[in-house]
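Residue numbers (the UniProt record's numbering): 1 to 229.
Glycine included, every Cβ here is placed at the ideal spot set by N, Cα and C.
Just so it is clear, the structure is predicted and the values come from calculations on it, not from any experiment.
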Amino acid sequence: MRVLVVEDDEALAGQLRQALEAAGFAVDVEHDGEAASFAGTAEAYSAAVLDLGLPRKDGLSVLRDWREAGCGWPVLVLTARNRWSDKLAGFNAGADDYLTKPFLMDEVVLRLRAMLRRTAGVAASVLRAGPLEYDVVQGRFALQGQGLQLTAQEHRILAYFMHHPGRLLTRGDISEHVYARDLDPDSNTLDVLIGRIRRKLGGAPRLVTERGQGFRLEAGPEDAAGGPA
Ligand code: CA
């Protein structure tokens, strides 16, 4: 899941990046409203965390730009103000949730996950692929009931596959939704990461390579294509 963080306070932006990356999100950060408005309409995100008080363009205008451009992903608004009229303006501009400063980083992660769960329309908070389970709310994987240890990058990639079981995901899909912008999707980084996840999964579910196309998560051997006709 790729998240856009818009916050002009560099220290706070850094803390948000750290907390969200630790929670398994890929994070892009913008520090002013103009750049945020452009990034939100030009790139593919799953959600955004948006400060209201920004240089060059205020947060509410940025949010309106995104909504007018058809961006439907959930937006968590951050504000130093705790006035009802501000909240109302935020919701009218298309905010999904609100957090007043100061806040705990854990709170941001919890709110973001709750927003993503609501907008994804995921009825169950646990996704399954064979013996692998992913708790969307907690952001935890379990294989055969045992906690699965993954790096932040491995976590992001596997979570993306869990949301699209059985579907072919191209390198472009994966890099667009999962990678931070500074990673080159054409390098062999993705192959290395997929290889590592595969070893940790130990064969079920399987991450199948579709040569020249991408990858597919298959729940178990019974789902495997290419068996005897
Ligand atoms: Ca600010």
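Here the alpha carbons of H155 and E176 stand approximately 15 Å from one another. In this structure, DSSP gives A142 an extended state, which the three-state scheme calls strand. In this structure, G53 has its beta carbon less than 7 Å from a heavy atom of ligand 1. In the DSSP annotation of this structure, the continuous segment of the alpha helix (DSSP H) that includes Y160 starts and ends at 152 to 163. Listed in chain order, the alpha helix (DSSP H) elements of length 4 or more contained wholly in the UniProt domain "Response regulatory" (2 to 116) are 10 to 22, 33 to 42, 59 to 68, 84 to 92.
Taking 7 Å as the cut-off, the C-beta of D8 counts as close to a heavy atom of ligand 1. Collapsing the DSSP output to three states places G172 in a helix.
Ranked by how close their Cα comes to the Cα of L127, the residues A95, Y160, G90 have Y160 in first place.
For L132, the uninterrupted beta strand (DSSP E) run begins and ends at 132 to 135, by DSSP. In the DSSP annotation of this structure, the continuous segment of the alpha helix (DSSP H) that includes R196 starts and ends at 189 to 201.
Judged by their CB atoms, R113 and G139 are nearer to each other than the 8 Å cut-off. Taking a C-beta distance under 8 Å as the contact criterion, L63 and A93 qualify as a contact pair. With respect to R2, S61 sits apart: the two C-beta atoms are not nearer than 8 Å. Linking M105 to D51 through their CA atoms gives a straight-line distance of about 14 Å.
L148: not part of any beta strand (DSSP E); DSSP gives it neither H nor E.
Excluding its 5 nearest sequence neighbours in each direction, A129 has C-beta neighbours in its own chain below 7 Å: M162, P165, P205, L217, A219, listed in chain order.
Between the alpha carbons of R167 and I174 lies a distance of about 12 Å.
Linking T209 to A69 through their CA atoms gives a straight-line distance of about 35 Å. Burial is judged here by how many other beta carbons sit within 10 angstroms of a residue's own beta carbon; F103 has fewer than 16 and is exposed. By the neighbour-count definition (other C-beta atoms within 10 Å, threshold 16), Q18 is an exposed residue.
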